[in-house]
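Worksheet for the structure shown next.
Residue numbers (our numbering): 12 to 544.
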C-alpha cells in the first residue's frame, strides 16, 4: 500500500494558488479538488534555499540539506582557473548527499521518483522506480531505473511518447524565438500534453507498483508562470480581459484545471489511508527591472570586460550567457545570471590575478558598501536589499563553491551579466520571477485541518516524507518534522524516530552525457525561462 504520496509543483505559489481555489466572478473555481484538500489539511509557506532556484532547491528537498552540504548551487558550475574560467552544467554527479529515495530503499521501502532534476543516473540500491527529469528524451531509456521500466511504460501506457515526456529543445527553442503576443498562448499549450504524459506515467506506476513512497513532480507550473505571469496574477490583469489577454487567461486556467484533475486521480488512486503532501521549490512574483550587475561592477572598478577583437570567438563569447571578462584585471564579478551571486577572485599563488588572501574581509566589506549604495534611478530605492555571506548562508563541506555574496534584489529578479548600459533598466511590463516562499501542504490520516501554520524551511520536506513513510529521520538532516503538520494523537502513536547518519553518496558516472549541442539547447531553454537575459 502507498502510505505517502508526494506531489511536487515546481514554482507553485500561494499568490496564484489561492486565486485558483477561489470562486472568481466569471471563472468559478479552477481547482475544486485542490480546494477540498487544502480545506481538510494544513499548509505553510515554505522558505526556499538562499538563492531560490530549481537545482539547489529540489536537491535540498530530496536530501534534507542546504546547498553548502549537498554541493548544488545552480544550473551552471563555474571553475576559476585564474587566467580563464570554464563552465559546465550541474548533473547528478555533483549531488554529494544521499537522497530520501536511497534512504527509504535502504530501509526496505519501495519508492517512485518521477521527473525530479538531478536524479540521473539512479544509485544502484534504489528499490523502486526512477524516471529522471531535466534531460533530453534520448537519454530517458538509459537513465530510467530499473532498466526494464522504460519498456514497461512504452508498452503499457497508451500514447507514451518520450519526446513529449522530456524537454523538446527544438520546440522550446522555436517558442523562444517567436514569443510574440500571438505565440505565447501556443507556447503555454505546448506544455499541456507534456504534463499529461508525466501524469500517465505516474498513474501507471502508482497503479501497478504501489510504492510505499510515491513522488511525482509537475514542472509546467514554473514554466508557465515565467512567461505568463501577467495573466496569472490577478492584480496585473485588466478587469475585463479581451483579445489576447482573455486568450492567455483561458489557456493558463486550462492548464491548472488539467493539473487539478491529475491530482484528484492520483490522490483517489492512493486511497483514504495515504498521507498526501505537496511542496514547491520556490514561489513566484513579478520582476519589474533588470540589474546589469557586471556593468555596475565595471563602473566601480572591480572588473574589466573582455576585448572584442572582432574574431568569431570574441563575438561568440560576447553573445553568450557567461561572463565575458578580462580575467587578469577582474577582482569581483557575477559569473552566471541565475546565481545572483558575486564571486571574489582571491590569489591562489603569487602572480595569480585577484586580491591577496589577507585583503579578503576588508575587500568584501567595501564591495558590500558599494552594492548597497546602488539606487533605482527612477524611485531612488535600493536595488539590492540584502547580501548573503556564504559562510552564514551556505554552511557545509561545499561552502567554498558558493558565491562569496548572494544578492537579494528588491523585486527578487535575476540579474543580467551582459555588457550593456545603463546598469538598471525598467521592464516595459512585469515578468514572472522566483520568490523565496513556496508552498508546503499536507492532508490525510493524522493530519489536522489546521489551515495556515508557521513558515517552514525547505529542508523540512525530506524528514517529513520519510517520517510519513515510516522511516527514521537521519540524524544529519538539517530540517525537522513539523509538529503542526500532525495531530498530537498521531505523534503520540507514531513518535518521530531519529536514525543513523546518511551514507556517503557514491559518485556514479553518467552512462550517457549530453553532447555540446544538447548543452547549448538546455542553455537556450534557461534563457527563454528568464534565468539569462
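Don't be surprised by glycine CBs; every beta carbon is placed ideally from N, CA and C.
CB-CB length for residue i against residue j, believed under 8 angstroms
i           : j           : result
residue 26  : residue 221 : Contact flag wrong, Cβ pair sits at about 35 angstroms.
residue 478 : residue 464 : Rounded, the Cβ-Cβ distance is 16 angstroms, inconsistent with contact.
residue 62  : residue 352 : 7 angstroms
residue 231 : residue 266 : 6 angstroms
residue 511 : residue 485 : 7 angstroms
residue 141 : residue 211 : No, residue 141 and residue 211 are not in contact; Cβ-Cβ is about 17 angstroms, not under 8 angstroms.
residue 42  : residue 31  : 5 angstroms
residue 509 : residue 483 : 6 angstroms
Residues bridged to residue i [DSSP beta-bridge criterion]
i           : result
residue 286 : 15
residue 451 : 55, 290
residue 91  : 96
residue 296 : 444
residue 353 : 416
residue 303 : 427
residue 344 : 354
residue 397 : 419
residue 316 : 336
residue 485 : 510
residue 231 : DSSP, once it has assigned bridges, lists no residue as partnering residue 231.
residue 469 : Its beta-bridge partners do not exist; DSSP assigns none.
residue 218 : Note: residue 218 sits in no beta bridge, so no partner.
residue 436 : 301
residue 225 : 16, 123
residue 39  : 35
residue 212 : Per DSSP, none; premise fails for residue 212.
residue 156 : 141
Close beta carbons around residue i, own chain, < 6 angstroms, minus the five adjacent residues each side
i           : result
residue 152 : 161
residue 501 : 457
residue 176 : 208
residue 89  : 96, 98, 346
residue 298 : 422, 424, 442, 444
Length of the line joining the Cα atoms of residue i and residue j
i           : j           : result
residue 457 : residue 16  : 14 angstroms
residue 507 : residue 60  : 25 angstroms
residue 185 : residue 513 : In this prediction, residue 185 scores a pLDDT of 43, lower than 50, which makes its location untrustworthy; the coordinate-derived value is nonetheless stated afterwards. One C-alpha to the other measures close to 43 angstroms.
residue 282 : residue 460 : 18 angstroms
residue 67  : residue 489 : 15 angstroms
residue 213 : residue 200 : 21 angstroms
residue 430 : residue 145 : 30 angstroms
residue 34  : residue 40  : 5 angstroms
residue 245 : residue 239 : 12 angstroms
residue 234 : residue 422 : 19 angstroms
residue 338 : residue 315 : 8 angstroms
residue 143 : residue 277 : 19 angstroms
residue 74  : residue 113 : 10 angstroms
residue 289 : residue 449 : 10 angstroms
residue 358 : residue 378 : 17 angstroms
residue 21  : residue 462 : 22 angstroms
residue 391 : residue 469 : 34 angstroms
residue 80  : residue 196 : 40 angstroms
residue 187 : residue 319 : Note that residue 187 scores a pLDDT of 43, beneath 50, so its modelled location is shaky; the value from the coordinates is reported in the next line. Computed Cα separation, rounded: 27 angstroms.
residue 452 : residue 505 : 20 angstroms
residue 268 : residue 108 : 36 angstroms
residue 439 : residue 228 : 33 angstroms
residue 367 : residue 164 : 57 angstroms
residue 154 : residue 312 : 47 angstroms
residue 53  : residue 23  : 16 angstroms
residue 84  : residue 71  : 10 angstroms
residue 270 : residue 139 : 25 angstroms
residue 437 : residue 301 : 6 angstroms
residue 130 : residue 103 : 6 angstroms
residue 369 : residue 258 : 59 angstroms
residue 354 : residue 127 : 29 angstroms
Own chain partners of residue i with C-beta closer than 7 angstroms, once the 5 adjacent residues on each side are dropped
i           : result
residue 455 : 285, 286, 287
residue 402 : 410
residue 249 : 256
residue 29  : none
residue 133 : 141, 156
residue 274 : 18, 44, 45
residue 497 : 457, 458
Sequence-distant residues of the same chain with beta carbon closer than 8 angstroms to residue i, five excluded per side
i           : result
residue 388 : 433, 435
residue 515 : 109
residue 413 : 78, 79, 84, 352, 401, 404, 405
Any non-hydrogen atom of the ligand GTP closer than 6 angstroms to residue i Cβ
i          : result
residue 53 : This structure lacks the ligand GTP, and indeed carries no ligand of any kind.
* Sufficient close CB pairs (3 or more, under 8 angstroms) joining the region 414-426 to the region 390-400 -> Touching, yes.
* Are the region 111-123 and the region 86-97 touching by the rule of at least three beta carbon pairs closer than 8 angstroms? -> Verdict: no, contact absent.
* To do: Specify whether the region 298-308 and the region 37-54 touch according to this definition: at least 3 beta carbon pairs, one from each stretch, less than 8 angstroms apart.
  => Judged by pairs of C-beta atoms under 8 angstroms, the region 298-308 does not touch the region 37-54, as fewer than three such pairs exist.
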